[in-house]
Each structure stands twice: as C-alpha cells, then as structure tokens.
Amino acid sequence: MNDDVAFSISQFRDAWRLMCGACPGYLTGGASDVDYIFSGLPIPFFNAAIVGARDISRDALTTMGLAARAWAADRHVPWMFIVTHEALAPGVDAASALDSAGLTGLLPLTGMRAQRVGPPPPDIPGMQLEVPAMTPVVRRSWT
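All the letters of the sequence shown, read from the start, carry residue numbers 122 to 264 under the numbering used here.
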C-alpha cells in the first residue's frame, strides 16, 4: 500500500472518530488490522469497521469480516465494513471473501487527496450556512 493510500485510510478513520465522538453511544475498539468506530446511531454510515491492514489475503479478509461481525453483534445498530482494494493482495476478490463472512458489498468509494484546495465560492445572496456543533451553533449568512 503506498503512502497516499495509508494517508487516505488514516484520514477516513480520524474523520469517523471526530464525526462520531460526540454521540452518546460512541464506542471504539479494534485489533491491529481493523478499527471499530461506532456512533451508536441507527444509521450504517455512522458505525464502521475500517480495515487498515496491508496485502490482505482472501482468507485473512474473510476472517476480518467474521471478527467484525462478532464484535458488532451486540451493538444492535447497522454498520459498514470498509476495505480498500489497494489493501488487498493481488488477485483477491473482496466481494467473494466478504460474502463468505456473511457481508455484502454496498458502496464503492475512491480515496482522494488534494494537492491544493481552491478558494471558496463567492457569497451567494440568500444562502445560509450552518456548521453543526454541540454548542454553540456557528452561523454565517449572506445577504
């Protein structure tokens, strides 16, 4: 796995920790290969098992999927198992391996890393932006 892939996975994992950390049901755990970050909300997107291992064989991926199912079994919320194709050993079919673990493919994602982020768009009359926060709520209005 190249540095960009490892960086992308770490950013994804850290974003989930920040996004879910304020939730009353927040829970984390994991092993060396998979991080579990659960908000406790009944929405799969906010409960994730994120694979950070490298050069994963088919059998290892199946084992990780089964271990994730066991860890999540008593959490009583829907969740996602997230793995990148770049983390797999050559020739590993993730869908087949995860099917063996009782998991189903849901959403293909592409990691991204910007070399440069452009300026924000100009103010739009009548548009209001609210940034969610526990307290205080930050508001910005354009008039």
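Glycine included, C-beta positions come from ideal geometry on N, C-alpha and C. The structure displayed is predicted, hence computed values, not measured ones.
- Residue burial is scored here from C-beta neighbours: L224 has at least 16 other C-beta atoms within 10 angstroms and is therefore classed as buried.
- The stretch 139 to 147 and the stretch 172 to 179 do not touch, with fewer than three beta-carbon pairs separated by less than 8 Å.
- Boundaries of the beta strand (DSSP E) around D156: 155 to 159.
- Judged by DSSP secondary structure, M185 falls within the alpha helix (DSSP H) whose first and last residues are 179 to 193.
- For the pair W200 and P165, the CB atoms are nearer than the 8 Å cut-off.
- A235 sits away from I203, with the two beta carbons spaced by 8 Å or more.
- Spanning the alpha carbons of G151 and Y157 requires a straight line of approximately 5 Å.
- With respect to the C-alpha of R179, the residue from I245, L209, L162, S129 having the closest C-alpha is L209.
- For the pair W192 and Y147, the Cα-to-Cα distance works out to about 14 Å.
- Cβ neighbours of R190 within its own chain (closer than 8 Å, five residues either side excluded): A222, G223, L224.
- Assigned with DSSP and collapsed to three states, M201 falls in strand.
- In this model, I130 and G212 are separated by some 21 Å (Cα to Cα).
- For A136, the closest alpha carbon among the candidates D124, P243, S160, A215 is that of S160.
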